[in-house]
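A.B. asks: Could you have a look at this structure, given as structure tokens, before my questions?
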Amino acid sequence: MRRRKVTPPSLRRWNCPLPFVLPPREAMASGVQVADEVCRIFYDMKVRKCSTPEEIKKRKKAVIFCLSPDKKCIIVEEGKEILVGDVGVTVTDPFKHFVQMLPEKDCRYALYDASFETKESKKEELMFFLWAPEQAPLKSKMIYASSKDAIKKKFQGIKHECQANGPEDLNRACIAEKLGGSLVVAFEGSPV
1 MRRRKVTPPS LRRWNCPLPF VLPPREAMAS GVQVADEVCR IFYDMKVRKC STPEEIKKRK
61 KAVIFCLSPD KKCIIVEEGK EILVGDVGVT VTDPFKHFVQ MLPEKDCRYA LYDASFETKE
121 SKKEELMFFL WAPEQAPLKS KMIYASSKDA IKKKFQGIKH ECQANGPEDL NRACIAEKLG
181 GSLVVAFEGS PV
């Protein structure tokens with residue numbers, strides 16, 4: 001791929017002949033890959049097949065993803081998921097439980113299957129989260145932010161995206177605003 005020569009606007013203004021070279025767009029990304037298991041989980045959450053009650057209970061309500069220890073691949077974080085079958089049995093409030101699963105001092109990506117009601121109907125839609133708390137190390141924030149496009153490209157069809165920098169960004173009112181604003185009257189069975 002050829003590099004393109006660009007004169008920045010600040011130099012163009014002064015008619016400075018000094019161009020500089022920008023790297024190709026692909027070189028600007030972090031280079032982090034997305035594991036096949038992450039894509040499979042997204043597909044399973046997105047496609048709601050007519051299933052038996054047992055298969056529905058095994059469907060995921062929420063999943064948290066992290067970077068591998070070598071920081072080269074986005075993987076599923078072990079033990080950080082909520083199954084639909086857990087809701088009402090071991091998990092009373094799935095969204096509150098989801099927020100509590102996020103680490104206080106590190107970044108994560110997450111998928112959440114949101115159930116909400118509008119004035120007209122009940123809906124279920126996937127939400128993509130980038131969790132980047134203020135206490136997270138700067139390097140971690142930079143890697144997660146620069147790798148977000150890689151995971152979003154694999155998650156085709158996500159309607160709702162949320163970047164949260166603290167628990168205050170994950171209250172029901174903020175999430176309802178992302179899902180449909182004033183049209184949303186209830187989120188996860190609770191009024192907004």
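Residue numbering for the sequence shown is 1 to 192, as defined by full-length UniProt numbering. Note that CB positions come from ideal geometry on N, CA and C, so glycine has one too.
(1) With which residues is residue 60 paired in a DSSP beta bridge?
(2) Could you tell me which of 87, 101, 86 sits nearest to residue 78, measuring between CA atoms?
(3) Can you name, in chain order, every residue of its own chain whose Cβ lies under 6 angstroms from the Cβ of residue 75, other than the five neighbours on each side?
(4) Would you grab the beta carbon distance between residue 106 and residue 140 for me? Rounded to a whole angstrom, and I think it's under 8 angstroms.
(5) Look at the alpha carbon of residue 177 and the alpha carbon of residue 184, and state the distance between them as a whole number of angstroms.
(6) With distances taken Cα to Cα, identify the nearest neighbour of residue 157 among 46, 37, 33, 32.
(7) When DSSP labels each residue in this structure, what does residue 132 get in the three-state scheme?
(8) Does DSSP put residue 162 in a helix, in a strand, or in coil?
(9) Check this for me: beta carbons of residue 118 and residue 180, under 7 angstroms apart or not?
(10) What residue from 84, 37, 62 has the CA that sits closest to residue 53's CA?
(11) So the candidates are 32, 143, 114; which of them puts its Cα closest to the Cα of residue 87?
C.D. replies: On the basis of the coordinates in this document:
(1) Paired residues: 83.
(2) Among 87, 101, 86, the Cα nearest to that of residue 78 belongs to 101.
(3) Correct list, in chain order: 35, 68.
(4) Cβ atoms of residue 106 and residue 140 come within 8 angstroms of each other, at about 6 angstroms.
(5) Computed Cα separation, rounded: 8 angstroms.
(6) Each of 46, 37, 33, 32 was checked against the Cα of residue 157, and the nearest Cα belongs to 46.
(7) Note: residue 132 maps to coil in three-state DSSP.
(8) In this structure, residue 162 counts as strand in the three-state DSSP scheme.
(9) Yes, the Cβ-Cβ distance between residue 118 and residue 180 is below 7 angstroms.
(10) Per the Cα distances, 84.
(11) The residue from 32, 143, 114 with its alpha-carbon nearest to that of residue 87 is 114.
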